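This report concerns only the one structure given below.
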Amino acid sequence: MLSSMKRTQSSHLNPKEIKSGAERKFCPAFYITMKNTTIPIHEHFNAFQGEGLHMGRAAYFIRSYGCPLKCPWCDSAGTWHKDYRPVEGVKRMSYAAIGKLITDADARTVILTGGEPALFKWEPLREHIPSTTNLHIETSGSLLLHDASDLDFITVSPKWNKLPTRENLIYANEIKIIVEDAESIVKWEKQLGAILGVSFENFVRLRVQSSSWKPFAVWLHPEWSERDNPDVLNSISNTIKAKPDLYRAGYQLHKLYQCDALDPNSAELVPLGGCPSKGY
Ligand code: SF4
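Structural data, given as structure tokens:
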């Protein structure tokens, strides 16, 4: 169902067509995938989606290694931070090997996450998994998503260190805004509106109301190290009460269950939490 819905959208708006040749030439993802037929994998595990429109749904996670954004509170710093680089080196896997993991797990939903999974080309994975498998991606939206038409669900979580592109915001099935302090929501509304060239509120209202673009939601997530901060929580609560048709309150349910850790192939969680001693 999701597959057909997403592919219908793609026929109207293809980011490959929007990007000029010059922009594509300098896209890091294009460069990396032209050189490599394997992907650096930080971890893979069977769990459930802990956030967003698919919260609670069984899912197999493939977490790629590498992210250029270096967010100060990154909760996946094991995928990029110099202090947590694996001593034995980063494991690389072929598309066939990744596909076997997914097939062996009989996974119906696969979440491509990171790090920044948009650094890599995922379309070849389709050859190695059942056609009914739903491929989701969780990205900052800052890099060209050149697999957009092969993905069934796109979560864009914008980050200040490298802003999302207009095309990726338009393509997103959901947008996850990380609320770091009491001013975060207003600042993101202004910034995302500037990128889109229209008021963010109008964009969201149109997307939410338009059945041809569903599913769509904008989530307000407390940044995990601020999850007990009343200023952060109250700013989310008050925004949702003031704009009930635009936003939904988000949370990272998987961090409460620690479901990931039950799979021996999961890696240790390495959150920076805005710690200056880590260098950020
Ligand atoms: S939070 Fe996400 S985008 Fe930011 S550094 Fe970590 S993996 Fe990269």
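For the sequence shown, the working numbering begins at 1 and goes up steadily by one. Virtual Cβ for every residue (Gly too), placed ideally from N, Cα, C. These figures come from a predicted structure and were not determined experimentally.
Pick from the options that is closest to residue i, judged by C-alpha positions
i, options, result
"Q252", "L220, P158, D245", "L220"
"H254", "E51, T165, G78", "E51"
"I175", "S94, P215, N161", "P215"
"L196", "D104, V87, Y171, I185", "Y171"
"C67", "W80, L53, Y60", "W80"
"V270", "L53, M55, K82", "K82"
"Q258", "Q49, T38, I178", "Q49"
"W188", "Q209, S157, R63, D106", "S157"
"T113", "A96, V198, L151", "L151"
"R207", "S76, G99, L169, G89", "L169"
"A182", "P86, S149, T38, S235", "S235"
"S95", "D228, T37, A194, L143", "According to the sequence as given, residue 95 is Tyr; it is not Ser. When only C-alpha atoms are compared, the closest one is T37."
"V198", "V186, R166, L53", "R166"
"R63", "G193, G56, K91, V87", "K91"
"M55", "A261, D260, G250", "G250"
DSSP state of residue i mapped onto helix, strand, coil
i, result
"K159", "strand"
"M34", "Confidence at M34 is low in this model, with a pLDDT of 45, below 50, so its placement is unreliable and the value that follows should be read with caution. In this structure, M34 counts as helix in the three-state DSSP scheme."
"Y84", "helix"
"Y247", "strand"
"T136", "Residue 136 is actually His in this sequence, not Thr. Here H136 sits in strand by DSSP."
CB-CB length for residue i against residue j, believed under 8 Å
i, j, result
"K159", "L69", "5 Å"
"E201", "L163", "Rounded, the Cβ-Cβ distance is 18 Å, inconsistent with contact."
"F281", "S266", "Outside the shown range of the chain (1 to 280) lies residue 281, about which nothing can therefore be said."
"H42", "G115", "6 Å"
"Y60", "P40", "Rounded, the Cβ-Cβ distance is 18 Å, inconsistent with contact."
"S225", "W122", "30 Å between Cβ atoms; not a contact."
"I154", "N173", "5 Å"
"I111", "H146", "With 8 Å as the limit, I111 and H146 do not qualify as a contact, their Cβ atoms being about 19 Å apart."
"P298", "V179", "Since the first residue shown for the chain is 1 and the last is 280, residue 298 is missing from the structure and cannot be characterised."
"T109", "A58", "7 Å"
"G78", "E268", "7 Å"
Through-space distance from residue j to residue i, alpha-carbon basis
i, j, result
"H128", "V232", "43 Å"
"V204", "V218", "8 Å"
"P289", "C71", "Residue numbering for the chain in the displayed model covers 1 to 280; residue 289 lies beyond these limits and cannot be assessed."
"G279", "N161", "Its pLDDT being 48, under 50, G279 is placed unreliably in this model, and the coordinates cannot settle the point."
"T132", "P230", "43 Å"
"N14", "R248", "With a pLDDT of only 37 at N14, under the threshold of 50, the placement of this residue in the model should not be trusted, and no figure is reported."
"Q191", "I177", "12 Å"
"A47", "L256", "13 Å"
"P130", "G99", "9 Å"
"L101", "I240", "40 Å"
"A105", "D263", "12 Å"
"S76", "S210", "34 Å"
"S125", "M93", "Reading the sequence as shown, one finds Leu at residue 125 and not Ser. Cα-Cα distance, rounded: 11 Å."
"A261", "E138", "20 Å"
"A97", "V186", "44 Å"
"D228", "L53", "23 Å"
"L144", "A242", "34 Å"
"S184", "N238", "13 Å"
"A107", "A194", "39 Å"
"R85", "T103", "29 Å"
Check your understanding: Taking only runs of the beta strand (DSSP E) that begin and end inside the region 86-130, which ones reach a length of at least 3 residues, in chain order?
Key -> You should have 91-94, 109-113.
Practice item. With a floor of 3 residues, list each beta strand (DSSP E) that falls wholly inside the region 149-237, ordered by position along the chain. Key: DSSP assignment within the region 149-237 yields the following whole beta strand (DSSP E) runs of 3 residues or more, N-terminal first: 153-156, 174-179, 217-222.
Practice item. Taking only runs that begin and end inside the region 33-79, name each unbroken beta strand (DSSP E) of 3 or more residues, in chain order. Key: Complete beta strand (DSSP E) runs here, min 3: 38-48, 58-64.
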